[in-house]
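Student: Structure below; questions to follow.
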Amino acid sequence: RPWFRDKAFLKGSGAGQPLGILNGPCVIEVAKETGQSADTIIYDNLLKMLSQLWMGSFQNAVWVAHPTTIPMLGTLSVDTGTGGSHIPVMRESDGKFQILTRPVLFTEKTEPLGTVGDIMLADFSQYVIGLREEMRIDFSPHLYFSTDEMAARLIERHDGFPLWDEHLTLEDGSTTVSPFVTLEAR
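Residue numbering for the sequence shown follows our numbering, starting at 191 and increasing by one per position.
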């Protein structure tokens, strides 16, 4: 059941299920670049996402990305000068991926490349999870009595939602930040 919980904590609607990060009132959706091709992620997208992360979340923040983003992220670079050299944006060390110094978690529980939620920058310490009831397993030998089988059911009651009711506007009056940042559809 953790698979379904994780999916709900990321994408849940809040109606009879947890309110997921992507549907939270505080999430900031960074605009794509003018003329940006479909199904792409570019360096400027990542920089702008990082710039809208609440800096109090920086140490806890992780990138969460769908596996379909791996080819795009793996070849992402920044051209420097006219010599054609580049700086890799995504680095792998000890089997752990990082983008702009923050760890990357790949999961199929997000959205595929090109849609909102394919990549997000998130501080999960700003998301609350409540367990009302630990997992309970009930068995019934009566349902399938004639075939010598038993029926089982798992019951767990939980909820989750972002701690922030809205994004934060900084002192300059125009810059908005949040512990949850995603990229608009491309």
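Here a beta-carbon is modelled for each residue, glycine too, at the ideal position from N, C-alpha and C.
Tell me whether the beta-carbon of F351 lies closer than 8 Å to the beta-carbon of V306.
Tutor: no
Student: Kindly list the residues whose CB is nearer than 8 Å to the CB of V220, restricted to its own chain and excluding five residues on each side of it in sequence; keep chain order.
Tutor: N235, K238, M239, Q242, V371, T372, L373, E374
Student: Out of A255, T272, P278, I345, which one is the CA nearest neighbour of L266?
Tutor: Per the Cα distances, P278.
Student: Suppose you measure from the CA of D157 to the CA of R343; what does that come to, to the nearest Å?
Tutor: What is shown of the chain runs 191 to 376, which leaves residue 157 out entirely.
Student: Could you check the C-alpha separation between P261 and W354 for me, to the nearest Å?
Tutor: 33 Å
Student: Look up R322 in the DSSP assignment and give the residues it is bridged to.
Tutor: The partner list for R322 (beta bridge, DSSP) is empty, contrary to what the question assumes.
Student: Enumerate in chain order the residues of its own chain whose CB-to-CB distance from G304 is below 7 Å, with the five nearest sequence positions on each side excluded.
Tutor: A228, D229, A375, R376
Student: If we count Cβ pairs, one from each stretch, closer than 8 Å, do we get three or more for the region 247 to 258 versus the region 283 to 301?
Tutor: yes
Student: Quick check on S330: does DSSP put it in helix, strand or coil?
Tutor: strand
Student: Does A205 come out as helix, strand or coil in the three-state DSSP assignment?
Tutor: coil
Student: If you measure between the beta carbons of E356 and C216, is that distance less than 8 Å?
Tutor: yes
Student: Leaving out the 5 sequence neighbours to the left and right, which residues in its chain are closer than 8 Å to G320 when beta-carbon positions are compared?
Tutor: H348, D349, G350
Student: DSSP has Q288 in a bridge; who is on the other side?
Tutor: Q288 pairs with R281, P293.
Student: Are the CB atoms of L200 and T300 within a distance shorter than 8 Å?
Tutor: Yes, the pair counts as a contact, with Cβ atoms nearer than the cut-off.
Student: Taking 8 Å as the cut-off, decide whether the C-beta atoms of P369 and Q288 are in contact.
Tutor: Q288 sits away from P369, with the two beta carbons spaced by 8 Å or more.
Student: Quick one: Cα of N250 to Cα of S336, how far?
Tutor: 54 Å
Student: Would you check if the distance between the CB atom of N208 and the CB atom of G202 is smaller than 8 Å?
Tutor: Note that residue 208 is Pro in the sequence shown here, rather than Asn. Inclusion of P208 and G202 in the CB contact set at 8 Å is warranted, their separation being smaller than that value.
Student: Which residue comes first and which comes last in the beta strand (DSSP E) that contains L373?
Tutor: 370 to 373
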